[in-house]
Amino acid sequence: KHGERMVSFVAAVVSSLVGGRGVADPPPPCPFYNWCFPSGLCLVDPLIIPSCIWAAVLGVVFFLKIRKSKLENSHVYSMPFLMYTVMMSDAMLVHILAPVEGHPKWLEDETFGLISWFDVSMTSSIAVAFFWAAVTDMGWMSDKGMGSSLIRLLSYLAVFSIWGAGFLLSWKNVFMVMYMGVVFVCCGLFCVLQLVWILRNRTKAGLGWLLVGGVAG
Numbered sequence: 115k116h117g118e119r120m121v122s123f124v125a126a127v128v129s130s131l132v133g134g135r136g137v138a139d140p141p142p143p144c145p146f147y148n149w150c151f152p153s154g155l156c157l158v159d160p161l162i163i164p165s166c167i168w169a170a171v172l173g174v175v176f177f178l179k180i181r182k183s184k185l186e187n188s189h190v191y192s193m194p195f196l197m198y199t200v201m202m203s204d205a206m207l208v209h210i211l212a213p214v215e216g217h218p219k220w221l222e223d224e225t226f227g228l229i230s231w232f233d234v235s236m237t238s239s240i241a242v243a244f245f246w247a248a249v250t251d252m253g254w255m256s257d258k259g260m261g262s263s264l265i266r267l268l269s270y271l272a273v274f275s276i277w278g279a280g281f282l283l284s285w286k287n288v289f290m291v292m293y294m295g296v297v298f299v300c301c302g303l304f305c306v307l308q309l310v311w312i313l314r315n316r317t318k319a320g321l322g323w324l325l326v327g328g329v330a331g
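Using the numbering used here, you'd call the opening residue of the sequence shown number 115 and step up by one each time.
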């Protein structure tokens with residue numbers, strides 16, 4: 115019963131990410147864009163598979179390019195891209211293997227809940243990682259220092275813990291707080307701090323990309 119309750123809540127959270135559904139809504143019936151096999155198993159919207167793989171590949175490419183570059187704070191800036199690769203790989207599984215009403219399940223309830231928890235936790239952690247990158251640019255944190263690295267690691271563990279508690283306790287506001295809230299605040303602060311850095315250094319380099327990235331985000 116606990117597994118069924120958790121997967122129902124997780125499915126509602128996942129559906130909120132892709133369709134704005136409520137926490138109490140059940141998983142959707144198998145629509146025309148799902149691929150259902152004779153066994154009854156369905157892949158939910160498999161058209162996202164190529165884009166997820168491509169996004170994961172780009173994450174690895176930019177992680178390596180930044181890490182090998184001589185750019186300042188390359189360590190803290192490369193990590194969000196590696197995290198992005200992991201998140202997109204997991205997100206692909208969460209979306210295509212989501213339970214479909216009236217059809218067999220690919221995964222046990224607890225397993226699906228676990229990968230869904232990891233997906234949303236990584237998304238929020240990436241936003242936090244970009245915030246730390248901006249803080250490092252401002253000179254308030256070290257790129258590779260032990261203390262700074264520990265602070266960043268603990269912040270990610272806190273994100274995962276809060277998401278986990280939200281799933282287990284069926285906290286209805288966990289999506290608004292930990293997904294919308296954390297992403298909006300951390301990415302918003304990233305843009306603000308980057309703008310301050312640009313103005314402080316009296317350079318227009320990167321301003322255009324910052325505006326494009328801020329609007330796109």
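Beta carbons: idealized from backbone N, C-alpha and C, even for Gly.
Among the options, which has the Cα closest to the Cα of residue i?
i	options	result
G154	S192, F176, V214	V214
D233	M260, S203, I265, D223	S203
S262	F274, V249, V273, A272	V249
G327	C305, W231, R181	C305
M255	V190, K184, A279, L271	V190
W246	V296, V171, R316, A205	V296
L309	V299, I167, F298, L325	L325
L313	G280, I162, M252	M252
G280	S235, V171, P152	S235
L161	G227, P152, N148	N148
L207	A170, S284, F177, R181	A170
S269	K286, F244, M290	F244
L293	G259, G227, W231	Reading off the sequence shown, one finds Tyr at residue 293, where the question assumed Leu. Ranking the options by Cα distance to Y293, first place goes to W231.
N187	A241, D257, M201, L211	D257
A272	C156, M260, V174, I240	I240
G278	T317, I229, C300, V200	I229
Could you give the residue range of the alpha helix (DSSP H) that holds residue i?
i	result
G278	260-282
D257	Counting along the chain, D257 falls outside any alpha helix (DSSP H), and DSSP gives it neither H nor E.
R314	296-314
V171	162-182
T199	188-210
For residue i, which beta-bridge partners are listed by DSSP?
i	result
E224	Note: E224 sits in no beta bridge, so no partner.
C156	C150
Sufficient close CB pairs (3 or more, under 8 Å) joining the segment 205-221 to the segment 182-197: As far as the Cβ criterion goes, the segment 205-221 does not touch the segment 182-197, which means the pair count is below three.
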